[in-house]
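Visitor: Protein chains in written order, with my numbering: chain A, 47 to 212; chain B, 9 to 216. For each residue, glycine too, the CB sits at the ideal point set by N, CA and C. The structure displayed is predicted, hence computed values, not measured ones. Here you go, one structure.
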C-alpha cells in the first residue's frame, strides 16, 4: 500500500427492513465514513426468495400467476422503500459515493458472495440480537457472514435502551 | 443609526417567530455534524496469534489515517484512543493426577512464580509489539492486561471502558471446532454491547 493519503475504501452495508440495520448504517456513516478516505458506500438489499409452500406428502401449492405477480410486486416495493430510506440516511449524514444493489436469494450466502464480487474492504451489518434459542431456529445472518465472508465484518448492535434512543 | 436600529427591531419583533425557527433549524443541524466528528475509543484484543496482529494492522491501515505527523496533529482523527488488551489465562495452581489416588497436587510456589513471570513476559512482548505498530501509525494507545477467560474478560472490559468499537481477530475455526472449542470472536459478537469488527486473516493460497 502506498501513501494512505486518499486510501480508497469500499464499505458494503447490508440493509433490510429492520431498525437494527438502519442503525448499523447510521453508525457506520457517523463513525467509519470520513472525508479523509475516499470511501464508496455499497448498499445491498437481498430479497428473500419466494417461498413455495409444500405439504408433507409432496403436493405443492401452485399459486396462480396473479398472486405470484402481486407477491413479486410487493417484494420489489419493499426493496425500493428500504433502499430509499437507506439512501436518504446516507445523504443526510455523510457526503459519500453511494452505490446500491438489490439481489435475490438467501441473505447469508448472497451477502458473502457480493462482498467478494464487489471487492468490499469491509462489511457492515446490524444484528437482530436474538437470544440463544431464536438464533438456533431462525439462524443468524450476521453470524454466518462473520464466519464466511472473506473480508472483515463489522457487526453493529442496536442498544436496547428503553428511553428514546436518538 | 438609531433609526436604522429601530427599523431593524420592528421586523424582528414581527418576524421574531421566523427568526427563532431558523435559529432552531440551525441548532438542530449542528448536533449531526458534531456527532460525526466524535472520536472513537477502540479496543483491540491481542494475543500470541498472528490473526490478532493482522486485525490490528488492518484496523490501523484502514481506519486510521497513516499520514505525516504534521497532518495528524490537526486533531480531526476518528480514532481517539486504542486500548490494547491482552487476556492471560489463569494458571491452575493444582493438578489432578490421572491415576488412582485422587489427591490433588498443589504446585509449589516456585513453580507458580516462574509461570507467572513467564506469562508476564509473554504479555509484555505481545503488547510492546502491538504498541510499536500503533506508534508507527501515530495513534495514542494504551495497554491493558487482564487475567481470566478471554471471552468474558473482553466483553466486561468493553462495557466498563465504554468502548465504541471492539476489534478481534479470528482463527478461522471450522464449524465443528467452533462448536467444541468455542470461539472468542463468536462469543464477543453475541455478547458485547458495542459494535465489533472481526478480521479474518487472508487465505494464503488464494489470490492476493
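Based on DSSP bridge pairs, tell me the residues matched to residue 85 (chain A).
Guide: Locating residue 85 (chain A) in the first chain gives position 39, counting from the first residue. DSSP, once it has assigned bridges, lists A:55 as partnering residue 85 (chain A).
Visitor: Quickly, what does DSSP pair residue 207 (chain B) with across the bridge? List them, please.
Guide: Along the second chain, one-based indexing puts residue 207 (chain B) at 199. DSSP, once it has assigned bridges, lists B:177 as partnering residue 207 (chain B).
Visitor: Apply the 10 Å Cβ neighbour rule to residue 133 (chain B) and answer buried if 16 or more other Cβ atoms are within range, or exposed otherwise.
Guide: Taking the first residue of the second chain as position 1, residue 133 (chain B) is located at position 125. The residue is exposed, with fewer than 16 neighbouring Cβ atoms inside 10 Å.
Visitor: Tell me the DSSP secondary structure of residue 148 (chain A) in three-state form.
Guide: Residue mapping note: residue 148 (chain A) aligns to position 102 of the first chain, counting from 1. Reduced to three states, the DSSP call for residue 148 (chain A) is strand.
Visitor: Check whether the segment 156–169 of chain B touches the segment 161–175 of chain A, counting contact only when three or more Cβ pairs, one atom from each stretch, lie closer than 8 Å.
Guide: Cβ pair count under 8 Å is below three, so no.
Visitor: Do residue 77 (chain A) and residue 157 (chain B) have their C-beta atoms within less than 8 Å of each other?
Guide: The residue given as residue 77 (chain A) occupies position 31 in the first chain. The residue given as residue 157 (chain B) occupies position 149 in the second chain. In this structure, residue 77 (chain A) sits away from residue 157 (chain B), with a CB-CB distance that is not shorter than 8 Å.
Visitor: Which one of A:62, A:55, A:93 has the shortest CA to CA distance from residue 86 (chain A)?
Guide: The residue labelled residue 86 (chain A) in the question sits at position 40 within the first chain. Comparing Cα positions, the closest option is A:55.
Visitor: Are the C-beta of residue 170 (chain B) and some C-beta of chain E separated by less than 8 Å?
Guide: Absent from the structure is chain E; the protein chains it does hold are A and B.
Visitor: Taking 8 Å as the cut-off, decide whether the C-beta atoms of residue 89 (chain A) and residue 129 (chain A) are in contact.
Guide: Sequence index remark: in the first chain, residue 89 (chain A) carries index 43 (1-based). Sequence index remark: in the first chain, residue 129 (chain A) carries index 83 (1-based). Closer than 8 Å, so yes.
Visitor: Given a threshold of 16 other Cβ atoms within 10 Å of its Cβ, counted over all protein chains shown, does residue 126 (chain B) qualify as buried or as exposed?
Guide: As a working note, residue 126 (chain B) is residue 118 in the second chain. By the 10 Å Cβ count, residue 126 (chain B) comes out exposed.
Visitor: Mind listing the chain B neighbours of residue 192 (chain A)? Cutoff is C-beta to C-beta under 7 Å, in chain order.
Guide: Residue 192 (chain A) sits at position 146 when you count from the first residue of the first chain. The contacting residues are 197, 206.
Visitor: Using a Cβ-Cβ cut-off of 8 Å, state whether residue 199 (chain A) counts as contacting chain B.
Guide: Within the first chain, numbered from 1, the residue matching residue 199 (chain A) stands at position 153. With 8 Å as the cut-off, residue 199 (chain A) counts as an interface residue toward chain B.
Visitor: Give me the residue from B:70, B:99, B:128, B:65 with the minimum Cα distance to residue 84 (chain A).
Guide: Position 38 of the first chain, counted from the first residue, corresponds to residue 84 (chain A). Selected option, being the one with the closest Cα: B:70.
Visitor: Considering only heavy atoms of the ligand HEM, does any lie closer than 7 Å to the CB of residue 170 (chain B)?
Guide: Because no ligand of any kind appears in the structure shown, any question about the ligand HEM cannot be addressed here.
Visitor: Determine the contact status of residue 196 (chain A) and residue 161 (chain A), defining contact as a CB-CB distance below 8 Å.
Guide: Sequence index remark: in the first chain, residue 196 (chain A) carries index 150 (1-based). Sequence index remark: in the first chain, residue 161 (chain A) carries index 115 (1-based). Yes, the Cβ-Cβ distance between residue 196 (chain A) and residue 161 (chain A) is below 8 Å.
Visitor: Spell out whether any CB of chain B is found under 8 Å from the CB atom of residue 168 (chain A).
Guide: On the first chain, position 122 is the one that residue 168 (chain A) refers to. Yes, residue 168 (chain A) counts as interfacial toward chain B.
Visitor: Could you pull out every residue in the same chain whose Cβ sits closer than 6 Å to the Cβ of residue 22 (chain B), ignoring the five residues on either side in sequence?
Guide: Your numbering for residue 22 (chain B) matches position 14 in the second chain. Confidence at residue 22 (chain B) is low in this model, with a pLDDT of 45, below 50, so its placement is unreliable and the value that follows should be read with caution. For residue 22 (chain B), where only same-chain residues beyond five positions count, there are no Cβ hits under 6 Å.
Visitor: Give the secondary structure of residue 143 (chain B) by DSSP, where H, G and I count as helix, E and B as strand, and everything else as coil.
Guide: For the purposes of this step, residue 143 (chain B) is taken as the residue at position 135 of the second chain. It is helical.
Visitor: Could you tell me which chain A residues have their CB closer than 8 Å to the CB of residue 48 (chain B), listed as they occur along the chain?
Guide: For the purposes of this step, residue 48 (chain B) is identified with residue 40 of the second chain, where counting begins at 1. Under the 8 Å cutoff, chain A gives 77.
Visitor: Return the bridge partner residues of residue 173 (chain A) from the DSSP annotation.
Guide: As a working note, residue 173 (chain A) is residue 127 in the first chain. Paired residue(s): A:203.
Visitor: Relative to the C-alpha of residue 123 (chain B), which candidate in B:144, B:99, B:94, B:62 has its C-alpha closest?
Guide: If you number the second chain from 1, residue 123 (chain B) lands on position 115. Closest option to residue 123 (chain B), Cα to Cα, is B:99.
Visitor: What residues of chain A sit near residue 201 (chain B), judged by a beta carbon separation below 8 Å?
Guide: As a first step, residue 201 (chain B) is located in the second chain; it is residue number 193 there, counting from the start. Within chain A, the C-beta atoms nearer than 8 Å to that of residue 201 (chain B) come from 203, 205, in chain order.
Visitor: Answer yes or no: do residue 63 (chain B) and residue 175 (chain B) have a C-beta to C-beta separation smaller than 8 Å?
Guide: Along the second chain, read from residue 1 onward, the residue named residue 63 (chain B) stands at position 55. Along the second chain, read from residue 1 onward, the residue named residue 175 (chain B) stands at position 167. Yes; because the gap between Cβ atoms is below 8 Å, this pair is in contact.
Visitor: List, in chain order, every chain B residue whose beta-carbon is nearer than 7 Å to that of residue 56 (chain A).
Guide: Numbered from 1 along the first chain, position 10 holds the residue referred to as residue 56 (chain A). Chain B residues near residue 56 (chain A): none, gap ~11 Å exceeds 7 Å.
Visitor: For residue 151 (chain B) versus residue 92 (chain B), is the C-beta distance shorter than 8 Å?
Guide: Position 143 of the second chain, counted from the start, is the residue given in the question as residue 151 (chain B). Position 84 of the second chain, counted from the start, is the residue given in the question as residue 92 (chain B). In this structure, residue 92 (chain B) lies closer than 8 Å to residue 151 (chain B) by Cβ.
Visitor: Is there a Cβ from chain A that is less than 8 Å from the Cβ of residue 32 (chain B)?
Guide: The residue given as residue 32 (chain B) occupies position 24 in the second chain. With a pLDDT of 46 at residue 32 (chain B), under the threshold of 50, the predicted position of this residue should be treated as unreliable, though the coordinate-derived value follows. It does not: the Cβ of residue 32 (chain B) has no partner Cβ on chain A nearer than 8 Å.
Visitor: Closer than 9 Å, Cβ to any Cβ of chain B: which residues of the segment 144–165 of chain A, in chain order?
Guide: none
Visitor: May I ask which residues mark the beginning and end of the alpha helix (DSSP H) holding residue 49 (chain B)?
Guide: Counting from one through the second chain, the residue named residue 49 (chain B) turns up at place 41. Premise fails: residue 49 (chain B) lies in the beta strand (DSSP E), 48–53, not in any alpha helix (DSSP H).
Visitor: Given residue 203 (chain B), which residues of its chain have a CB within under 8 Å of its CB, disregarding the five upstream and five downstream residues?
Guide: Numbered from its first residue, the second chain carries residue 203 (chain B) at position 195. So the list reads 172, 173, 174, once near-sequence residues are dropped.
Visitor: Quick check: what's the CA-CA separation for residue 94 (chain A) versus residue 201 (chain A)?
Guide: In the first chain, the residue the question calls residue 94 (chain A) occupies position 48. In the first chain, the residue the question calls residue 201 (chain A) occupies position 155. If you take the alpha carbons of residue 94 (chain A) and residue 201 (chain A), they lie about 21 Å apart.
Visitor: Sort out for me which residues DSSP pairs residue 201 (chain B) with in a bridge.
Guide: Within the second chain, numbered from 1, the residue matching residue 201 (chain B) stands at position 193. Note: residue 201 (chain B) sits in no beta bridge, so no partner.
Visitor: Taking only three categories from DSSP, how would you classify residue 153 (chain A)?
Guide: Translated into the one-based positions of the first chain, residue 153 (chain A) becomes position 107. Residue 153 (chain A): helix per DSSP, three-state reduction.
Visitor: Which bits of chain B does residue 189 (chain A) rub up against, with CB to CB less than 9 Å?
Guide: Start at 1 with the first residue of the first chain, and residue 189 (chain A) comes out as number 143. By Cβ distance, chain B contributes 194, 197, 198.
Visitor: Would you say residue 74 (chain A) and residue 57 (chain A) are within 8 Å of each other, going by their C-beta atoms?
Guide: Position 28 of the first chain, counting from 1, holds the residue named residue 74 (chain A). Position 11 of the first chain, counting from 1, holds the residue named residue 57 (chain A). Their beta carbons are under 8 Å apart, which means residue 74 (chain A) touches residue 57 (chain A) by this criterion.
Visitor: What does the alpha-carbon distance come out to for the pair residue 148 (chain B) and residue 97 (chain B)?
Guide: Residue numbering aside, residue 148 (chain B) sits at position 140 when the second chain is read from its first letter. Residue numbering aside, residue 97 (chain B) sits at position 89 when the second chain is read from its first letter. If I take the Cα positions, the gap works out to 27 Å.
Visitor: Report the residue from A:173, A:123, A:190, A:192 whose alpha carbon sits nearest the alpha carbon of residue 67 (chain A).
Guide: In the first chain, counting from the first residue as 1, residue 67 (chain A) sits at position 21. Closest by alpha carbon: A:173.
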